[in-house]
RNA sequence: GUGGGUGUAGCUCAGCUGGUUAGAGCGCCGGAUUGUGGAUCCGGAGGUCGCGGGUUCGAAACCCGUCACUCACCCCA
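Next up, the structure:
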């Protein structure tokens, strides 16, 4: 019986890792450029951290967490998202006491026990940022700007930034009964899911995919009309800020975030070429969360993007960095030994060099050199060894020249173009 | 958790209402070229037809079960 990877996880084979490196490096580069600093937190935490931050009644906590008992019985959970652990670390290390801006970014695997589908895995990867301690709406704008710029830099097609004002918890508490009353009058026109949502998550009805539900809720009371002046003011400054720096966005009064901790600004970047899971990245403000987890009353904004989803939309022809390499084709009784030493000398000189130890004939070596796409091949047979020389062959032009063995590393180093 | 689709060579897929030794393209190996890659030509290797049972003279095909993958719902990045 062959052992296979478990459901919902994926191997990234060497053919795909350059694309992933491009995505990861682009994300990190933009985040650092915006003053965010990388933080690395554990991929598992005590279960209560997630239950308290994400919301005990959300699907994630209720049925999607990978939870298991540690040897002493304490309940541990593989992180389903990155914010909870980052906030925990922020509190635990008393980072609020540091006067510098506390802006973090993270990158890594997350785990949710869901049925896999396009753009959704059980082990998936997110890049995210969290900006702590700044209630100024410019922090919201900064975070959305970073998200937009890094996705644009990756030349992802068909991107849309949608934003909404969720208000404060008190605003939503005031609004919810109005909405529920309206929905109850419409119940017969709603899909089965939405009829259930009236009780469980009425705001979510607004964001239903079913066209009939959207029609039915066109005239529903809007959260906007229930917002406090402070919430309105914050959001106005957010949209003004986005305008000022030229970030295109659409107001979407139906946009609701699933996690309990969001307030005020909520946003989502969707992509048209992505299948059903069309959200690439999403985030918002979560001013109450740090306090809720036992820290000071520290405001915060952040986002997370799904790297699998980015990889799905990343154009096939994006230019990937390539390393110019050299192949050592050593054949013949003495030459194989001399070639092996030469291979090591090249590498020590910083020249990416390779050799297939299985190949015995020059023909077999050249075939491998071709497959590897190297720029130069060093041809080294017993004749050359006797003369203390080697031939370097330019694989594109087929031009060959004789060189002394001793000058090979320096010559090749000079010939190879700088890594692009 | 619910529903649909698909499982045949390393990869992408043909295979008719059940009928001989299960095919193609690409890839791989060898030769034409005994020290020169890609292109061409010639030759070759490679398959428990996902697995288990059933129907039948005969099953890759039909039936039942099962597993895997996949898409979608729910929910979310």
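Numbering (the working numbering), first residue to last: 10 to 429. Glycine included, C-beta positions come from ideal geometry on N, C-alpha and C.
Query, Result
"Would you call the CB atoms of residue 152 and residue 95 closer than 7 Å?", "no"
"Put residue 154 into one of helix, strand or coil per three-state DSSP.", "helix"
"Within its chain, find whatever has a CB closer than 6 Å to the CB of residue 345; leave out the 5 residues flanking it on each side and keep chain order.", "339"
"Say whether the segment 104 to 117 touches the segment 138 to 156, bearing in mind that this needs 3 or more beta-carbon pairs closer than 8 Å, one atom from each stretch.", "yes"
"Is it the case that the Cβ atoms of residue 168 and residue 42 are separated by a distance below 7 Å?", "no"
"Going by alpha carbons, who is nearest to residue 68 out of 194, 108, 210?", "210"
"Could you check which residue in 225, 236, 277, 389 has the C-alpha nearest to that of residue 315?", "277"
"Give the DSSP bridge partners of residue 139, in chain order.", "113, 311"
"Does DSSP put residue 42 in a helix, a strand or coil?", "helix"
"Just the C-alpha distance for residue 166 and residue 423, rounded to the nearest angstrom, thanks.", "39 Å"
"Can you tell me which of 191, 291, 216 puts its alpha carbon nearest to the alpha carbon of residue 262?", "216"
"Once DSSP output is grouped into helix, strand and coil, what is the label at residue 427?", "coil"
"According to DSSP, simplified to helix, strand and coil, what is residue 385?", "strand"
"Let's see if you can read the secondary structure: which residues bound the beta strand (DSSP E) around residue 401?", "398 to 403"
"Could you work out which residue in 391, 295, 82 is closest to residue 55 when comparing CA atoms only?", "82"
"Where do the ends of the beta strand (DSSP E) carrying residue 87 lie?", "84 to 87"
"Using beta-carbon positions only, say whether residue 293 and residue 271 come within less than 7 Å of one another.", "yes"
"Does DSSP put residue 209 in a helix, in a strand, or in coil?", "helix"
"Considering only residues of the segment 228 to 300, which uninterrupted beta strand (DSSP E) runs meet the minimum length of 3 residues and lie entirely inside it, listed in chain order?", "272 to 280, 288 to 294"
"Quick check: what's the CA-CA separation for residue 403 versus residue 384?", "6 Å"
"Going by DSSP, what residue range makes up the alpha helix (DSSP H) through residue 100?", "92 to 101"
"Terminal residues of the continuous alpha helix (DSSP H) containing residue 347?", "344 to 357"
"Smallest Cα separation from residue 288: which of 74, 99, 368, 313?", "313"
"Leaving out five residues on either side along the sequence, give the residues of the same chain with a beta carbon under 6 Å from the beta carbon of residue 144.", "308"
"Is it right to say residue 349 is buried, meaning 16 or more other beta carbons lie within 10 angstroms of its own, or is it exposed?", "exposed"
"Please give me, in chain order, every unbroken run of the beta strand (DSSP E) with length at least 3 that falls completely inside the segment 46 to 80.", "53 to 55, 75 to 78"
"Compare the Cα-Cα distances from residue 371 to each of 342, 354, 353, 356 and report the closest residue.", "342"
"Are the CB atoms of residue 131 and residue 17 within a distance shorter than 7 Å?", "yes"
"With residue 421 and residue 355 assumed to form a contact (beta carbons below 8 Å), what rounded beta-carbon distance in angstroms separates them?", "7 Å"
"My output table needs one value for residue 322: the three-state DSSP class, helix, strand or coil.", "helix"
"My assumption, with CB atoms under 8 Å, is that residue 333 sits in contact with residue 425. Please give the rounded CB distance.", "5 Å"
"In the DSSP assignment, what are the bridge partners of residue 6?", "This structure leaves residue 6 out entirely; the chain is present only between 10 and 429."
"Please classify residue 266 as buried or exposed, where buried requires at least 16 neighbouring CB atoms within 10 angstroms.", "buried"
"Who are the Cβ neighbours of residue 85 in its own chain at under 8 Å, not counting the five residues just before and after it?", "53, 54, 55, 56, 76, 77, 78, 79"
"With which residues is residue 134 paired in a DSSP beta bridge?", "118"
"Under the three-state reduction of DSSP, which class applies to residue 412: helix, strand or coil?", "strand"
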